[in-house]
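Protein chains in written order, with my numbering: chain A, 489 to 717; chain B, 489 to 717.
One structure is given below, encoded as structure tokens.
2 protein chains.
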Amino acid sequence: MVRVVEPLDSSENRVSRAAAQRLSQYLRAADSVASGDGLVSSVELADAVGVSAAQVRRDLASVGHLGQRGVGYDVASLTAAIRRTLGVDRRWRAVLVGVGNLARALVKYRGFSAHGFDLVGLYDTAPRIVGTTIGELRVEPMSQLAESLKRNRAELGILTVPAEAAQATAEALVAAGVRGLMNFAPVRLRVPDHVAVVAVDLAIQLQQLAYLVHFSDESPDVDRTRLNT
Amino acid sequence: MVRVVEPLDSSENRVSRAAAQRLSQYLRAADSVASGDGLVSSVELADAVGVSAAQVRRDLASVGHLGQRGVGYDVASLTAAIRRTLGVDRRWRAVLVGVGNLARALVKYRGFSAHGFDLVGLYDTAPRIVGTTIGELRVEPMSQLAESLKRNRAELGILTVPAEAAQATAEALVAAGVRGLMNFAPVRLRVPDHVAVVAVDLAIQLQQLAYLVHFSDESPDVDRTRLNT
DNA sequence: CGTTGTGAACTCATTCACAGCT
DNA sequence: AGCTGTGAATGAGTTCACAACG
Numbered sequence: 489m490v491r492v493v494e495p496l497d498s499s500e501n502r503v504s505r506a507a508a509q510r511l512s513q514y515l516r517a518a519d520s521v522a523s524g525d526g527l528v529s530s531v532e533l534a535d536a537v538g539v540s541a542a543q544v545r546r547d548l549a550s551v552g553h554l555g556q557r558g559v560g561y562d563v564a565s566l567t568a569a570i571r572r573t574l575g576v577d578r579r580w581r582a583v584l585v586g587v588g589n590l591a592r593a594l595v596k597y598r599g600f601s602a603h604g605f606d607l608v609g610l611y612d613t614a615p616r617i618v619g620t621t622i623g624e625l626r627v628e629p630m631s632q633l634a635e636s637l638k639r640n641r642a643e644l645g646i647l648t649v650p651a652e653a654a655q656a657t658a659e660a661l662v663a664a665g666v667r668g669l670m671n672f673a674p675v676r677l678r679v680p681d682h683v684a685v686v687a688v689d690l691a692i693q694l695q696q697l698a699y700l701v702h703f704s705d706e707s708p709d710v711d712r713t714r715l716n717t
Numbered sequence: 489m490v491r492v493v494e495p496l497d498s499s500e501n502r503v504s505r506a507a508a509q510r511l512s513q514y515l516r517a518a519d520s521v522a523s524g525d526g527l528v529s530s531v532e533l534a535d536a537v538g539v540s541a542a543q544v545r546r547d548l549a550s551v552g553h554l555g556q557r558g559v560g561y562d563v564a565s566l567t568a569a570i571r572r573t574l575g576v577d578r579r580w581r582a583v584l585v586g587v588g589n590l591a592r593a594l595v596k597y598r599g600f601s602a603h604g605f606d607l608v609g610l611y612d613t614a615p616r617i618v619g620t621t622i623g624e625l626r627v628e629p630m631s632q633l634a635e636s637l638k639r640n641r642a643e644l645g646i647l648t649v650p651a652e653a654a655q656a657t658a659e660a661l662v663a664a665g666v667r668g669l670m671n672f673a674p675v676r677l678r679v680p681d682h683v684a685v686v687a688v689d690l691a692i693q694l695q696q697l698a699y700l701v702h703f704s705d706e707s708p709d710v711d712r713t714r715l716n717t
């Protein structure tokens, strides 16, 4: 298991958003699918994730040449390469704004830190909520955001505020230097180009589900069993 | 259950998953964007949602011819048509299995019923949880699922169980007659073709965010500001 | 052999650009 | 004049199929 040279992997490779999602899925699947010898084939990954084997090979080839023809992919180096490509070969610091029910669930979500994300700050405007403690964190007032965010050097923001407050909150976070937002509010955020947004919109997902079911009625051939978004 | 006449809208139109998501977004945008006279143009919708105007026209044309050339789209009939296409021109009944923190947040989520989805049952296996009341619902034991689900005629299932339990739970729901699943557990569910699955996978979304930020560094041209997906 | 990596073909989605209505 | 609907052009993403290689 000679992590060979793999030196200056010059080509930090950009892939499409959809491809990045598939990479995440391969990452998760690789561990559990690995046959005893620490190897996986494109076929195994393919049906763990629900895509074609050709798709898997194409995706993995784009990440770097890490398969052995006739053999398969070494799980350890494969996952390392995917992590590097996705930018999850490090930890990320995030703050969360809007401490409602959803926020409380997120704070307690273990997978969060298990995947390399550390929640380092909670903020809210409501006086009843500010000062309370959730998990290990004390909720701070929004007024402290800028200063506090400087201190804890978070680069990501999680928005669990009501729709009406979302845009303003996003702007505050961006002004405070955040570079990416995960938005749970049902609105489209307008942010500068250098800020990334991932939206998790439950209402839209519900409608999507209704749509799929609605049609699996009328004609039994809509595809099923895929991820999100 | 005679889905009424529905005059001659012969073409119950099937669209791609991505297109369906955009339709949801137009639906949401239409209300707020409507100029006083109850009309919207493709351009207005386009920049409310963040897609091109041509895209909007293409999408809306596929739903039915409901624009007036030279005028725009009538918000009322537009939203009605989109709702019909998405299958959200009716209410849907859903049960939820796995009453943890996330479930509690979902139960209290108002948008749920506001969008036409009624939560009609909660189930869990843990004796400490069974029998407690959340919102207006009493948590029932999994053992009752089949019978209880028959009674309350739910057609959708929401999975907020731990990853290990997800597949088995999905199977129980499917066996009990559910036709669509919203899966919050970080695993791919294997279900029969006639059952639709929408996955909401936070870990993958987080990695997506990391990826986008990671690269907005290295080259400032990755697209941002889109939904999910 | 078995399995990857990849040109070439193909399919699906998006944009262009303009004819067609109002 | 303004804005939609849509053929045609383009582009992105996926699958085919096979050469390359351990």
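Where is the CB? At the ideal position from N, CA and C, for every residue including glycine.
Next item on the list: Spell out a yes or no on whether the segment 598-613 of chain A and the segment 687-707 of chain B are touching, meaning 3 or more CB-CB pairs, one atom from each, closer than 8 Å.
Entry: Taking a cut-off of 8 Å for Cβ pairs, the segment 598-613 of chain A and the segment 687-707 of chain B touch, as three or more such pairs fall below it.
Item checked: DSSP three-state assignment for residue 606 of chain B, whether helix, strand or coil -> Working through the second sequence from its first residue, we reach residue 606 of chain B at position 118. Three-state result, residue 606 of chain B: strand.
Notebook entry, point to check: Between which two residues does the alpha helix (DSSP H) carrying residue 635 of chain A extend?
Noted result: Taking the first sequence and counting its residues from 1, one reaches residue 635 of chain A at position 147. Its alpha helix (DSSP H) spans residues 633-640.
Next item on the list: Compile a chain-ordered list of the residues in the segment 672-691 of chain B whose CB is closer than 9 Å to at least one CB of chain A.
Entry: Here the close residues are 674, 675, 676, 677, 678, 679, 680, 681, 682, 683, 684, 685, 686, 687, 688, 689, 690 and 691.
Next item on the list: Could you work out which residue in A:509, A:563 and A:587 is closest to residue 674 of chain B when comparing CA atoms only?
Entry: Taking the second sequence and counting its residues from 1, one reaches residue 674 of chain B at position 186. Nearest option by C-alpha distance: A:509.
Notebook entry, point to check: Leaving out five residues before and five after residue 666 of chain A in sequence, what residues of the same chain have Cβ atoms less than 6 Å from its Cβ?
Noted result: Walking along the first sequence from the start, residue 666 of chain A turns up at place 178. Shown here for residue 666 of chain A: same chain residues with a beta carbon closer than 6 Å to its own, the five before and five after excluded, namely 645 in chain order.
Check: Any residues in the segment 518-541 of chain B with a beta carbon nearer than 8 Å to a beta carbon of chain A? Which ones, in chain order?
Finding: Within the segment 518-541 of chain B, the qualifying residues are 536, 537 and 538.
Note to self: Would you say residue 717 of chain A lies against chain B (beta-carbon separation less than 8 Å)?
What the structure shows: As a first step, residue 717 of chain A is located in the first sequence; it is residue number 229 there, counting from the start. With a pLDDT of only 35 at residue 717 of chain A, under 50, the local geometry of the prediction cannot be trusted, and no value is derived from it.
Next item on the list: Assuming residue 752 of chain A and residue 679 of chain A form a contact by the criterion Cβ under 8 Å, report the distance between their Cβ atoms to the nearest whole angstrom.
Entry: Since the first and last residues shown for chain A are 489 and 717, residue 752 of chain A lies out of range.
Note to self: Closest to residue 559 of chain B by C-alpha separation, out of B:586, B:526 and B:569, would be which residue?
What the structure shows: On the second sequence, position 71 is the one that residue 559 of chain B refers to. If we check each option's Cα against that of residue 559 of chain B, B:526 comes out closest.
Checklist line | Within the segment 543-600 of chain B, ranges of the alpha helix (DSSP H) (whole runs, at least 4 residues) | finding: Fully enclosed alpha helix (DSSP H) runs of 4 or longer: 563-574 and 589-596.
Margin query: If contact is defined by three or more beta carbon pairs under 8 Å, each pair taking one atom from either stretch, is the segment 571-584 of chain B in contact with the segment 527-546 of chain B?
Written below: Fewer than three pairs of CB atoms, one per stretch, sit closer than 8 Å, so the segment 527-546 of chain B makes no contact with the segment 571-584 of chain B.
Notebook entry, point to check: So the alpha helix (DSSP H) residue 510 of chain A belongs to, where does it begin and stop?
Noted result: Position 22 of the first sequence holds residue 510 of chain A. Taken as a continuous stretch (DSSP letters only), the alpha helix (DSSP H) holding residue 510 of chain A covers 505-521.
Notebook entry, point to check: Can you tell which of A:623, A:579, A:519 and A:696 has the C-alpha that lies nearest to the C-alpha of residue 591 of chain A?
Noted result: The residue you call residue 591 of chain A lines up with position 103 of the first sequence. Measuring from the Cα of residue 591 of chain A, the nearest candidate turns out to be A:623.
Next item on the list: Would you mind reading off the limits of the alpha helix (DSSP H) that contains residue 532 of chain A?
Entry: Position 44 of the first sequence, counted from the start, is the residue given in the question as residue 532 of chain A. For residue 532 of chain A, the enclosing alpha helix (DSSP H) covers residues 530-537.
Item checked: Nearest residue (CA-CA) to residue 677 of chain B, options B:534, B:703 and B:647 -> Numbered from its first residue, the second sequence carries residue 677 of chain B at position 189. Of the candidates B:534, B:703 and B:647, the one whose C-alpha sits nearest the C-alpha of residue 677 of chain B is B:647.
Note to self: Taking contact to mean 3 or more Cβ pairs, one atom from each stretch, closer than 8 Å, check whether the segment 647-666 of chain A and the segment 628-635 of chain A are in contact.
What the structure shows: Touching, yes.
Next item on the list: Given a cut-off of 8 Å, decide if residue 642 of chain B and residue 583 of chain B are closer than it, judged by their beta-carbon atoms.
Entry: The residue you call residue 583 of chain B lines up with position 95 of the second sequence. The residue you call residue 642 of chain B lines up with position 154 of the second sequence. The Cβ-Cβ distance between residue 583 of chain B and residue 642 of chain B falls below 8 Å.
Next item on the list: Tell me the start and end of each unbroken alpha helix (DSSP H) in the segment 648-705 of chain A that is at least 4 residues and wholly inside, in chain order.
Entry: Taken in chain order, the complete alpha helix (DSSP H) segments of 4 or more residues contained in the segment 648-705 of chain A are 651-663.
Item checked: Inter-residue CB distance, residue 668 of chain A and residue 649 of chain A (contact presumed, cutoff 8 Å) -> Translated into the one-based positions of the first sequence, residue 668 of chain A becomes position 180. Translated into the one-based positions of the first sequence, residue 649 of chain A becomes position 161. Their Cβ separation, rounded to whole angstroms, is 17 Å, which puts residue 668 of chain A and residue 649 of chain A out of contact at 8 Å.
Margin query: Cutting at 6 Å between CB atoms, please list the residues of its own chain near residue 493 of chain A, excluding the five before and the five after it.
Written below: Along the first sequence, read from residue 1 onward, the residue named residue 493 of chain A stands at position 5. A caution first: residue 493 of chain A carries a pLDDT of 37, below 50, which makes its placement in the model unreliable, though a value can still be read off. Excluding its 5 nearest sequence neighbours in each direction, residue 493 of chain A has no C-beta neighbour in its own chain below 6 Å.
Notebook entry, point to check: Are the Cβ atoms of residue 506 of chain A and residue 580 of chain B separated by less than 8 Å?
Noted result: Your numbering for residue 506 of chain A matches position 18 in the first sequence. Your numbering for residue 580 of chain B matches position 92 in the second sequence. The Cβ atoms of residue 506 of chain A and residue 580 of chain B do not sit closer than 8 Å to each other.
Note to self: Buried or exposed for residue 532 of chain B, going by 16 or more other Cβ atoms inside 10 Å?
What the structure shows: Translated into positions along the second sequence, residue 532 of chain B becomes position 44. Under a 10 Å Cβ-count criterion, residue 532 of chain B is classified as buried, with 16 or more other Cβ atoms of the shown protein chains found around its own Cβ.
Item checked: Cβ distance (whole Å) where residue 619 of chain A is taken to contact residue 608 of chain A below 8 Å -> Reading the first sequence from its first residue, position 131 is the one you call residue 619 of chain A. Reading the first sequence from its first residue, position 120 is the one you call residue 608 of chain A. Actually they are not in contact, since the Cβ atoms of residue 619 of chain A and residue 608 of chain A sit about 18 Å apart, beyond 8 Å.
Notebook entry, point to check: Between which two residues does the beta strand (DSSP E) containing residue 626 of chain B stretch?
Noted result: Stepping through the second sequence from its first residue, residue 626 of chain B is reached at position 138. Counting along the chain, the beta strand (DSSP E) containing residue 626 of chain B begins and ends at 625-629.
Item checked: Cβ neighbours of residue 511 of chain A in the same chain (closer than 8 Å, five flanking residues each side left out) -> For the purposes of this step, residue 511 of chain A is taken as the residue at position 23 of the first sequence. Cβ-Cβ distances below 8 Å link residue 511 of chain A to 503, 547, 551, 570, 573 and 574 in the same chain, with the five nearest sequence neighbours on each side left out; the list follows chain order.
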